[in-house]
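Visitor: With the first letter of the sequence shown counted as 1, position 33 gets the number 27 in the working numbering; the numbers rise by one all the way through.
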Amino acid sequence: ETVLVQKNWREHIGCGGRRGGYLGYGLYKYAFEGKIQEKDFALFEWKEVCCQFNEENFNKLGSELVRLAWGEYFAESFNERIRSSSVKNIPMLRWNTKDTFIGKLVDEVKDATDSSQNSSLVEPSIRWNAFLAAPLLPKPTREAKFSGNEQAGSNTDRLGMCVDAFAHHTVIDSVGEFLFADLQGNFDQTSGPWDKGAHTIQNFLNTHKCNDICHSIGL
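Right, here's the structure in full:
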């Protein structure tokens, strides 16, 4: 497969929006635009300050893909709970997992610790040997943050209440093993950088206040 990536997208990092192939960044990863068989994808790679080796980047992206799959699993079990309750006007949730995959470059790049790589005058469009690719979603008109990393959500709008109920459902459905917060999966010692351990799940249960949706679907 051929992946088309715009050159010099890194020049737009921190510009405050999508520009020149750059999509955005989080605490640990960059997101940039790619095209595969005429379909637009969001590509993700770990920042060099958080990752120095190709194998490390590959393993972290693999863990990210597993978390996405778990998110979709729990979203579907949550949607099934809604359907079984016969309650109307509750939004159905899904994760962007369909056609999401990890790609590997044919021509490998060197680790960040390799001095010959750092001496190159040309910044590579893809920094590591592997990247996570997900179908590029339309630019949202509004982005909402429903909960914190350690704080249970207390939303009052219908969609926010649905997300809070989903977080509650995940804890119940996994018998206390999983918790999704701030779109990050916290479920075991290798779940990701935001994993705060079992006490975070217990804190969620202690602070979460069931809303109408929780009650209506039997949580």
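Just so it is clear, CB atoms sit at the ideal spot from N, CA and C, and this is done for glycine as well.
Please report how far the alpha carbon of phenylalanine 68 lies from the alpha carbon of serine 119, in whole angstroms.
Guide: 34 Å
Visitor: Just list the residues that DSSP pairs alanine 127 with in beta bridges.
Guide: In DSSP, alanine 127 forms a bridge with Leu37, Phe95.
Visitor: Kindly indicate which residue of Leu17, Ser210, Val(-3) has the alpha-carbon position closest to the one of glutamate 5.
Guide: Leu17
Visitor: Kindly identify the DSSP beta-bridge partner or partners of tyrosine 216.
Guide: A query on residue 216 cannot be resolved here, the shown segment of the chain reaching from -5 to 213 and no further.
Visitor: Just to check my reading of the structure: leucine 59 and isoleucine 84 have Cβ atoms closer than 8 Å, yes? What is that Cβ distance to the nearest angstrom?
Guide: With a Cβ gap of about 28 Å, leucine 59 and isoleucine 84 do not count as contacting.
Visitor: Check arginine 61 in the structure and name its three-state DSSP category.
Guide: Helix, per DSSP.
Visitor: Buried or exposed: which applies to leucine 153, given that a residue is buried once 16 or more other Cβ atoms fall within 10 Å of its Cβ?
Guide: exposed
Visitor: Using a Cβ-Cβ cut-off of 6 Å (strictly less than) and excluding sequence neighbours within five positions of serine 113, which residues of its own chain qualify?
Guide: Interpretation of serine 113 is limited by its pLDDT of 49, a score under 50 that renders its predicted location unreliable; no figure is taken from the coordinates.
Visitor: Would you tell me roughly how many angstroms separate the C-alpha atoms of alanine 36 and glycine 28, rounded to the nearest one?
Guide: Rounded to the nearest angstrom, the two C-alpha atoms are 6 Å apart.
Visitor: If contact is defined by three or more beta carbon pairs under 8 Å, each pair taking one atom from either stretch, is the segment 73 to 84 in contact with the segment 40 to 49?
Guide: no
Visitor: Using the Cβ count rule (16 or more neighbours within 10 Å means buried), how would you classify histidine 162?
Guide: buried
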